[in-house]
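Below is one structure, written out as structure tokens; comments come after it.
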């Protein structure tokens, strides 16, 4: 299904960076869901370049909805939308024709599509394709919010700088705080340090990555499907759709390798008549199914591959080695933009899994 | 699709640990594929308890094939097989009824299935369900081998002990070496140390996990699908189907967070008329598509949750807290058994993606 | 997905007529559904050869369940079952090797599977594969019955003999009547005439087909999905999985071609506070979605292709024309056996569509 | 998957009749396929109202392509396109609010979508949604043509008037002839009679339907998948996506009920070194798989439900019976427009099945 994701609610993505438009079709939307345009705008804003630290390309164009919405509510039919690509500077990319930018999909896309691909600006592999994902995710996010579920992601680490960790005793407050932040960091001081680090990186014609940390609160126990459609399988499948994501871990993840079972197990207890775990090393998931505790996972984001320094590469048409210097606007980091894409993809996955369990009448207002 | 994985070749899994049988149906098999029973037996052997370090339960029963094979070759129709559960000691689990074993799916399975589940021995969530996965994976592995593709996984780290890394200049030799190892470690000395560590862990009534490191060689460039069916999305989806896997990273993965773009990018070059990358930080994948270099990824395996020490938990039927002491046979580690499951799931994923590109006539002997 | 059908509840079929076993895996079963073994046996009995008019092969073996059922209730995990092929007379088929029986899948299967297929007894294309479908359908049928839905099919026409039509004013009674009939005909006299006709056909070494007429009562309005997953799309997809089915029509179907719109439209009215249609020319479906009236459709069943008369054909290995005389046991008609397969497939489709709308908690007992 | 159809190549449909736009996303397109704009225009022209016999609404707007095409060739990435709805006369539909037009999806859509649907002009259920299907089908048709496959459909019967049958000995000529016909009838005289019949029907404020007859030539043997993805299952699934289609039969279809097996079986023979069947009662399909003979099927199209005569119906908001007189432009028949939709859906299905067998590199030009 290549460009379609999800079973009950499914998102079909289209577009190239320098084509006419990008967009998506959301199928399986329950009817009667209020489209929260403000939330869409907020999340698109978080994804957009935030001031001077990000690419100069303006993308403040919001999605144009083509179908599936009437009077501000979902009709139940597919919601299609597009975002025009009206700020294209294709000539920046002309020099790159048939040149494999290291770390990019130019070469693999060329092999896959036999030279027919539009690689300009990254083409279909461009990070710009995350804009429709955020739009679709924002629509789902509102549905989840209505059910008491919320999702937040902060930059846990940007190269040498680490944010303070989530306050596990008050995730709700931290998540709300992140919703208001332009730059997704909990500690304002670390936030400034990170921004400075990104700026310095640009000076050095280099780029950096980091680690995103996500928390989901309010998700009921019993969500997720064995064997192959566990929450972990579904979330990881979704996360690796985000360009630059190269790792994911749930709960303690790779740190489990340093723990004994007696440390790693989360003891069950009863708290106010509700079953909880005393710790949450497993990130709210046992056997692939939610246990009612917050879902917790971290994603690794690699440094942006587009850097201004000269690099060794090949011209795959001429089959010869060459030096490449990428010009044009490029982010020295994308992690601060990726965090809301992680939120969005998480929202899509959880909506899908909830629909499996509760059916299409679960969501949407009564009329 | 819950218990079905794959689009072109798909595996449908069934069974509970203490039910009549476990097994799978492999649909979409090309016809004319030789069923390599020796390879199946070898891989099943790697998955099986290796001597005293693993659970005493004997599972030397090989799969009984029910359909889809004639004269040792696939017919093209579904291959169904089962493995009987004839060594069940259900009474060991009777005390566990309605008791949420920490780190296990007892509670989440109970919420999901409303008390109708057979939780005995982990039920459908048991690690025993990986036996059919290995069988299916072994059939695919042979298909890949015929195309010059091979897959190997070693225990890179078992708590404090690290294996020597793969020799990136001779992965073929290392992979072949691992195929012959009962215990999947490259360095024999580290292997002994790890086994000792597991034995010590049993003494302490505790368990340990670790990190698996996988290499795939011989995969052509251009395999994998954007946006949602990248190699990374598909492999991660598959890996999180393996119980105890809690993290996955491709190439440098989480270590990318410590690198500059100028360090992380893999420069392209031409080697004997073939495009290669000088380094392989991206694990052979750019934009979700194979670039012809070895696929490299690591998976985090948590410590086995079944430990003999008394643990705090709840009886979810009585809704009261209780102490739990798990008796019966349990592995103090599963990582040495999980490595071949990782190989198997990788083989299934890559076969599926190759079928997408090359069609069903690509595999199988000519007649 | 070849051998897997359904999205929420899915049936994966396996087996060849003369292989070790046939069977299926039902995934997506809600938990807590009572397995109605008596209904399974009844429906399997309807499918089985009824006395002297059908093939002498004994298939009274009921399915052996391997997983997913505990204490007579579904666990929520996959239900796998098999039926052994223990009455195989393979030598009857030896003469048929590489011979394309007219009307059969021998030749197409050979091209598709390149000679690796087990064509003996029809192999994977055998009508015997409908036994697992009936088993799976019977499980779904019980789920539907619990929701007040029932399904019945009669032989509307067997060559020159027509049954009396369904009494549209009392479908419930007619459907119940059909459940009790060994031979699915409403009018006992026509039933006898049809059986005599089949017997005569055997004498003439020939075969006959006919038309099945199906009614579904109790289905709520609003079930079915546009554009591509309408009730009609789903039911037709399912029906053409039944060997020998070559046509399907909903409501007036092909007879619509003889009607004016003013005759074909079903006027809406209100009856006891419920919206109904005064007529049901559209077979309970508008725009692909149920309107609360009975679902009505007819399926065309072709004469059994296996006839004892000498036929012209080819040996596709030798690539030469030859005469073929099929020996062994063969039904001069299968329509009386197919009717319950139609019921079964209908039950699977409707269960699937109801799960889409109502979620997995809709079915199954409360506990 | 509701609005997505196909596995290898998949079409995701969106739009409402009176919304901003309708359109589709074609995913899984092989790269290097020339987009035959002329063929698209031709097929869209056949679908469009042909002169005075069809609705006055002008829809000559051709699709606007948004992605996936570069320099007239498919890139391999999703092809998205839209068609604006700029000729909407919504006020014609205002009187219909909450009124169930007999034979339409107003009521079922209302129940399904709980009143949030945009029923105006039929909304998502409108025949207008077939325009994107024809666009997508035309792209596939070109791919098939390049492989020597062609598809044609004629109006075999329009109420009392029957066209001459296809000349089975020269289907190629008949299909080419149909491609050039505005009104899809083989015999020009019958064509005129049918048009006159439709015109008369309009005078009587009524509507008529008929039967479409389709032939596919050039399809290789071995295409189609058992059990559930037979050519018949896939084609029927696709055809019932076309509004007004209420029946489908393959080969002799319902007429099989009047034949003996000895008449119905197609004897195999060898013709110029190629295996053929002497007759083609089975419509080129044995066991769900193509046998190399022409694929032959017929579809029943019901009379257009929108008629100008007063009809009995209900207001489902007020829950009371009422008289309805539909005003506005409406076709007294759609069958002459539906024939190219049948061609288009057939092209999509066959492309999908060919991709399954031959992989994505099968189609598209070499470069």
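Residue numbers (our numbering), protein chains in the order written: chain A, 94 to 460; chain B, 94 to 460; chain C, 94 to 460; chain D, 94 to 460.
Don't be surprised by glycine CBs; every beta carbon is placed ideally from N, CA and C.
Item, Value
"Beta-carbon neighbours of residue 168 of chain A, restricted to chain D and to distances below 8 Å", "109, 206, 209, 210, 211, 216 and 217"
"Local Cβ density within 10 Å of residue 407 of chain D, reported as buried at 16 or more and exposed below that", "buried"
"Collapsed DSSP secondary structure at residue 172 of chain A in the structure displayed", "strand"
"Alpha-carbon spacing of residue 168 of chain C relative to residue 320 of chain A, whole angstroms", "14 Å"
"First through last residue of the alpha helix (DSSP H) which encompasses residue 328 of chain D", "324 to 332"
"Contact check, residue 452 of chain B vs residue 452 of chain D, beta carbons under 8 Å", "yes"
"Distance, residue 106 of chain B Cα to residue 267 of chain B Cα", "31 Å"
"Residue range of the unbroken alpha helix (DSSP H) whose run includes residue 367 of chain A", "Residue 367 of chain A -> not in any alpha helix (DSSP H); beta strand (DSSP E) instead, spanning 367 to 370."
"Ordered list of alpha helix (DSSP H) runs contained in the stretch 352 to 427 of chain D, each at least 4 residues", "354 to 357"
"Nearest-angstrom Cβ-Cβ length linking residue 410 of chain D and residue 191 of chain D, presumed shorter than 8 Å", "4 Å"
"Meets three-Cβ-pair contact criterion under 8 Å: the stretch 330 to 340 of chain D and the stretch 273 to 288 of chain D", "no"
"Beta-bridge pairing of residue 272 of chain A - partner residues as DSSP gives them", "Residue 272 of chain A is not bridged to any residue."
"Residues of the stretch 251 to 279 of chain B whose Cβ lies closer than 7 Å to any Cβ of chain A, in chain order", "252"
"Cβ-based burial, residue 100 of chain D [other Cβ within 10 Å; buried from 16]", "buried"
"Any C-beta of chain D under 8 Å from that of residue 453 of chain B", "yes"
"At least 3 beta-carbon pairs within less than 8 Å: the stretch 429 to 444 of chain C vs the stretch 220 to 232 of chain C", "yes"
"Among D:127, D:194 and D:156, nearest to residue 165 of chain D - alpha-carbon criterion", "D:127"
"Same chain, Cβ closer than 7 Å to residue 357 of chain D, five either side skipped, listed in chain order", "345, 349 and 374"
"Simplified DSSP assignment, three categories, for residue 440 of chain A", "helix"
"8 Å Cβ cutoff met for residue 354 of chain D and residue 397 of chain C", "yes"
"Bounding residues of the alpha helix (DSSP H) (the contiguous stretch that carries residue 240 of chain C)", "Counting along the chain, residue 240 of chain C falls outside any alpha helix (DSSP H), and DSSP gives it neither H nor E."
"Secondary structure of residue 451 of chain A, DSSP reduced to three states", "helix"
"Simplified DSSP assignment, three categories, for residue 231 of chain B", "helix"
"Element boundaries [alpha helix (DSSP H), containing residue 201 of chain B]", "199 to 206"
"Test item: CB-CB of residue 172 of chain B and residue 161 of chain B under 8 Å", "yes"
"Assigned secondary structure, residue 223 of chain A (DSSP; H/G/I helix, E/B strand, else coil)", "helix"
"Minimum C-alpha distance to residue 241 of chain C - residue among C:401, C:138 and C:310", "C:310"
"Any chain A beta carbon closer than 8 Å to residue 247 of chain B", "no"
"Nonlocal neighbours in the same chain, by C-beta distance under 7 Å from residue 200 of chain C, ignoring five residues either side", "193 and 409"
"Residue 457 of chain D to residue 277 of chain D span [Cα, whole Å]", "30 Å"
"Residue 306 of chain D versus D:292, D:261 and D:300, residue with shortest Cα-Cα distance", "D:261"
"Contacts that residue 407 of chain A makes with chain B (C-beta to C-beta distance below 8 Å)", "361, 362, 363 and 368"
"Segment limits, alpha helix (DSSP H) that includes residue 131 of chain D", "130 to 140"
"Reference residue 436 of chain A, options A:103, A:247 and A:102, closest by Cα", "A:247"
"Which residues DSSP lists as bridging residue 303 of chain C, in chain order", "C:251 and C:394"
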